[in-house]
Amino acid sequence: MALRRDHFCGVLTKKAVGREVTLAGWIKKRRDHGGIIFIDLGDKTGQN
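Start counting the sequence shown at 1; every next residue gets the next number (the UniProt record's numbering).
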């Protein structure tokens, strides 16, 4: 099953809080904070 992006990073708004969204792009930065990992995701919008 192929996943399809339903939002772009640069256009997510507060309306997406609490909803499941699918993003696609490349990992610009990965930060491990002891048990939780944060990533900065890039896509064609150029925003994280």
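Using N, Cα and C, we set each Cβ at its ideal position, and we do this for glycine too.
The C-beta distance from Asp43 to Phe8 rounds to 6 Å, short enough to fall under 8 Å. Out of Leu3, Asp6 and Ala24, the CA that lies nearest to the CA of Gly46 is found in Ala24.
Beta-bridge annotation (DSSP): Ile27 is paired with Leu41.
Val17 has its alpha-carbon roughly 19 Å from the corresponding atom of Ile37. Between the C-alpha atoms of Arg5 and Thr22 there is a straight-line separation of about 5 Å.
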